[in-house]
Structures are given as C-alpha cells and as structure tokens.
Ligand SMILES: CC(C)(COP(=O)(O)OP(=O)(O)OC[C@H]1O[C@@H](n2cnc3c(N)ncnc32)[C@H](O)[C@@H]1OP(=O)(O)O)[C@@H](O)C(=O)NCCC(=O)NCCS
C-alpha cells in the first residue's frame, strides 16, 4: 500500500503545495511562507543534480509524503521528511523514513546521514530514533534549539 519513486520535473506543484503547509513551515528553520519563484529556483537546482534526492511516497496511489536527501559536508547528507497533513497521525512516518534510508544507502555508499530536528518536534525525534539514528549534540540555529542526529 506504500510505494515510492524519485521526484521528477512534474512534481513542482505537488512539492510547492506541501512546502507551505503550516506545520512544515513551523518545524523548519525558515518559517516564512515560500513564494512560487523561490520554490521554482530551489526545485530546479535539486531535480537537475544527482547529488540531491527527493522521494515521493504514495499511500494507495495518493501522494502522501516526501523525503529529501541534501549533500552537506563531504560524505554527509541531511535528510528531512514531511507527511501531507491529511496523512499525519496514522503511524506511516517511521516506515516511510526507514524505506527511504535503505533506498538512499543502497545508492550512496559509506555516507553519514544527518537529521536536524527542533527540540520540541517530539514525533520527528521518535521516527528518526526508530530508523536507527543516534543523538549527537544539541546545536543552536536561528535562535532555535536543534537536536543533531546521525546514522
Ligand atoms: C514529523 C512527521 C513526519 C511525523 O509524521 P506523522 O504522520 O505525524 O507521525 P506518525 O503518526 O507516523 O507518528 C510518528 C511517531 O511519533 C509517535 N508520536 C505521536 N505523538 C507523539 C508525541 N506527542 N510525542 C512523542 N511521540 C509521538 C507515534 O507513536 C509514532 O511512533 P511509532 O512509529 O513508534 O508508533 C509529520 O508530523 C510532519 O510531516 N510534520 C511536519 C514536517 C516535520 O516536522 N518534519 C520533520 C522535520 S525534522
């Protein structure tokens, strides 16, 4: 019932819609609404570069989530997840994250994955721990307290 695929050029509007979801903005490090042109620039950079990976998940054929991998320092990638609001609270997130991590690690070997999670985002902490991430340190970014997890 859960399937996934890498994002393609046609996903620009789907991802734009999700990017301005209220909880997603609240849990990110830039909580201002995103303009479409800003999104287009952001999207084109990622969709045309094999160092970036965006996975789109479907739940019974309905798009329900995205998981993104972004290069950071050498051999390190930042991973993030968001579930579409109507699919939240159904216990899907851990499975989606685990499937994504397995897929990514099969394509990119010997890399470290980093998750940066706002301290109050308890669900996110839970799912990254479920997926085998370990707490590394507490950092401050834009005045937020952030847990850094790695796997
Ligand atoms: C974070 C997010 C991906 C979680 O998805 P979700 O569908 O809401 O969460 P789920 O229903 O799958 O529950 C996730 C886990 O948190 C647990 N949980 C639920 N409420 C909780 C709470 N208040 N405190 C701690 N854990 C909680 C669930 O039991 C579940 O654990 P399990 O898989 O071991 O049973 C989703 O809320 C989201 O997209 N948020 C906006 C974007 C975001 O915050 N992304 C993460 C940035 S690091």
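Numbering (the working numbering), first residue to last: 1 to 151. Note that the Cβ used here is the ideal one computed from N, Cα and C, for glycine as well.
Could you check what DSSP says for residue 143 in three-state terms: helix, strand or coil? DSSP places residue 143 in coil when its eight states are reduced to three.
CA-to-CA distance, residue 106 to residue 33, given in whole angstroms: Cα-Cα distance, rounded: 35 angstroms.
Residue environment, residue 114, which counts as buried when at least 16 other CB atoms sit within 10 Å: Buried, by the Cβ-count rule.
Report all residues from its chain with a CB closer than 7 angstroms to the CB of residue 60; omit the five preceding and five following residues, and keep chain order. 1.
Which two residues bound the contiguous beta strand (DSSP E) that contains residue 67? Here the beta strand (DSSP E) through residue 67 covers 62 to 71.
7 angstroms Cβ cutoff met for residue 93 and residue 56: For the pair residue 93 and residue 56, the CB atoms are not nearer than the 7 angstroms cut-off.
Could you tell me which whole beta strand (DSSP E) segments of length 3 or greater appear in the region 87 to 130? Runs found: 112 to 118.
Quick check on this structure: which residue in 37, 9, 27, 19 has the alpha carbon closest to the alpha carbon of residue 49? Among 37, 9, 27, 19, the Cα nearest to that of residue 49 is on 9.
Roughly how many whole angstroms lie between the Cα atoms of residue 11 and residue 148? Note on geometry: alpha-carbon atoms of residue 11 and residue 148 lie some 29 angstroms from one another.
Report yes if the C-beta of residue 88 is less than 6 angstroms from at least one heavy atom of ligand 1; otherwise report no. Checking every heavy atom of ligand 1 against the Cβ of residue 88, one is found closer than 6 angstroms.
Kindly list the residues whose CB is nearer than 7 angstroms to the CB of residue 132, restricted to its own chain and excluding five residues on each side of it in sequence; keep chain order. Contacts found: 151.
Counted within 10 angstroms of its Cβ, other Cβ atoms place residue 15 as buried (16 or more) or exposed: In the assembly as shown, residue 15 is a buried residue. Its beta-carbon has 16 or more other beta-carbons within 10 Å.
Tell me whether the beta-carbon of residue 118 lies closer than 7 angstroms to the beta-carbon of residue 144. Going by C-beta atoms, residue 118 is nearer than 7 angstroms to residue 144.
Between the C-alpha atoms of residue 65 and residue 18, what's the straight-line distance to the nearest angstrom? Going by the C-alpha atoms only, they are around 9 angstroms apart.
In its own chain, which residues sit with a C-beta less than 6 angstroms from the C-beta of residue 100, not counting the 5 before and 5 after it? Within the same chain, and ignoring the five residues on either side of residue 100 in sequence, the residues whose Cβ sits closer than 6 angstroms to its Cβ are 55, 67.
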